[in-house]
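Each residue of the sequence shown is one higher than the last, beginning at -11 in this note's numbering.
Notes to accompany the following structure.
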Amino acid sequence: MTNNEPNSRFLRACRRLPVDATPIWLMRQAGRYMQEYRELRVKHSMLEMIQTPELAAEVTLQPINAFDLDAAIIFADILPPLIGMGLDLEFVPGKGPVIHNPIDTPADIAALRTPLAEEFLGSTISAVKMVSDELAPRGIPLIGFAGAPFTLASYAIEGGGSKDYAKTKALMYSHPVAWAMLMEKLAAVQADYLLQQAKAGASALQVFDSWAGLAVGKQAYQQFVAPYNTKLFETLKSTGLPVINFSTGTFPYLEKVAACGGEVIGVDFRMPLGAAWEKIGYERAIQGNLDPATLLAPWETLKSQIDLVLDEAAGRPGHIFNLGHGIHKTTPVEAIKRLVDYVHERTHQL
């Protein structure tokens, strides 16, 4: 190992360097499946936990202290940047995020603000600093994250989650100039937010494009989504940190997603990891892609599914084991422990 090479498994895998075992972290690893988290949620709302640095730091560290994970990810959500832009966000118990004043017209887009992250997202930036200071002596990297422009746009227009993204696509197709303005504003806000997380001590960054692949096809992606993702990833190069480009439902045009940028391409559980890696090219690192539902199955079934993912990776440098989406809230804690330990044991290099 040279002096300028990272020494953590996760960061080395991001750079496709040799590792002593396949690194693993899990999307939504800090959250509802842990009793410690549920106890805090009884006392505090979701936004309160995100906007209180000490609470966000505590939740971020809960899974790191419980399992042998190779990276932490800051406890936050992709949607709070919309608050600073002028949208009224609430996390409604049993329903999820609700935006009470969704975008309906080009005039609504023109009225959106583009504040600096430190104005409205300072609590998360402070939490990043707190956690990175705590984890640095332990050699555990911290991942900062944000949502991609399309995914945030869809929430802002639909007022929450959606099954068909009809309002989003109607605005996109009917008002392309206003759509471009919206995406430019979102890209600018997200870029600043991620740059500030890097400055606060994050060791890597992840961009979540959770809905683009479920909403649009290849041509629409190239026209209405890719230019803004590309701009975002280009801006993040200045950090010198590895950036993970994660999307769902994009296998039919995964090579177009990868072309937008990112040192690591995160893939969902809908595609074989080997086929996905072939599409993006072996010169890129890959992250994924166990189906989160397999964590609800008996151990022998879960173990066979873990083996399938590892077999698809074929021992190539640059594989980061993860789920193909977030942990389900009913996942047994013991299943997480067995998963993490087994990935390390099976891939350990003497």
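Glycine included, C-beta positions come from ideal geometry on N, C-alpha and C.
Please read these numbers as outputs of a predicted model, since none were measured by experiment.
Cβ-based burial, residue i [other Cβ within 10 Å; buried from 16]
i	result
LYS173	buried
LEU327	buried
TYR216	buried
SER235	buried
SER142	buried
THR318	exposed
ASP180	buried
VAL165	exposed
PRO286	exposed
ASP279	buried
PRO51	buried
GLY84	exposed
ASP329	exposed
GLN275	buried
TYR161	exposed
TYR241	buried
PRO137	buried
THR139	buried
TYR153	buried
GLN178	buried
ARG304	exposed
VAL213	buried
ALA289	Before going further, note that residue 289 is Thr rather than Ala in the sequence given. With fewer than 16 other Cβ atoms within 10 Å, it is exposed.
ALA263	exposed
Residue range of the beta strand (DSSP E) that includes residue i
i	result
GLN275	273 to 278
HIS307	307 to 311
VAL195	192 to 197
Residues of its chain near residue i, where Cβ-Cβ distance is below 8 Å and the 5 sequence neighbours each way are ignored
i	result
ILE62	ALA44, THR48, THR112, ALA115, VAL116, VAL119, LEU130, ILE131, GLY132, PHE133, GLN185, ALA190
HIS332	ALA9, THR10, ILE12, ASP56
ILE38	ALA44, PHE63, ALA64, ASP65, PRO68, SER111, THR112
HIS336	ASP8, ALA9
GLU251	CYS2, ARG3, PRO230, VAL231, ILE232, ARG272, ALA273
Contacting residues, own chain, Cβ-Cβ under 7 Å from residue i (five flanking each side not counted)
i	result
GLN210	LYS244
ILE71	LEU77, PHE108
HIS163	PRO94
ALA203	SER142, TYR153, THR156, LYS157
ALA301	LEU261, HIS307
Cβ shell of residue i (< 6 Å), same chain only, five flanking positions each side left out
i	result
ILE21	Here the sequence assigns Tyr to residue 21, which means Ile is not the residue at that position. These residues qualify, in order along the chain: ILE315, LYS317, THR319.
GLY340	Only positions -11 to 338 of the chain appear in the structure, and residue 340 is not among them; the question remains open.
PRO(-6)	ARG0
LYS297	What sits at residue 297 in the sequence shown is Val, not Lys. Here the set comprises LEU261, LEU278.
LEU100	MET73, GLY74, LYS173
ILE59	Contrary to the premise, residue 59 reads as Ala rather than Ile in this sequence. Around ALA59: PHE(-2), TRP13, PRO129, ILE131.
HIS88	ASP76
Limits of the alpha helix (DSSP H) - the one that residue i falls within
i	result
ALA144	137 to 146
SER292	287 to 301
VAL328	321 to 335
ILE113	110 to 123
SER283	First, the amino acid is wrong: residue 283 is Leu here, not Ser. Looking at the DSSP string, LEU283 is not in any alpha helix (DSSP H), and its letter there is neither H nor E.
TRP167	164 to 188
GLY19	Looking at the DSSP string, GLY19 is not in any alpha helix (DSSP H), and its letter there is neither H nor E.
ALA203	200 to 203
LEU(-1)	-3 to 2
At a cut of 8 Å, does the stretch 133 to 152 reach the stretch 185 to 199 through at least three beta carbon pairs? yes
Along the chain, which unbroken stretches of the alpha helix (DSSP H) at least 4 residues long are found entirely within the stretch 23 to 94? 23 to 31, 34 to 38, 41 to 54, 69 to 73
Hey, which unbroken runs of the alpha helix (DSSP H) at 4 residues or more fall wholly within the stretch 213 to 274? 214 to 224, 242 to 247, 261 to 268
Does the pairing of the stretch 25 to 37 with the stretch 103 to 110 give three or more beta-carbon distances under 8 Å? no
Stretch pair the stretch 243 to 259 + the stretch 306 to 321: three plus CB contacts closer than 8 Å: yes
Quick check: the stretch 222 to 230 against the stretch 162 to 170, are there 3 or more CB pairs under 8 Å? no
Pairing CB atoms from the stretch 299 to 308 with CB atoms from the stretch 1 to 20, are three or more of them under 8 Å? yes
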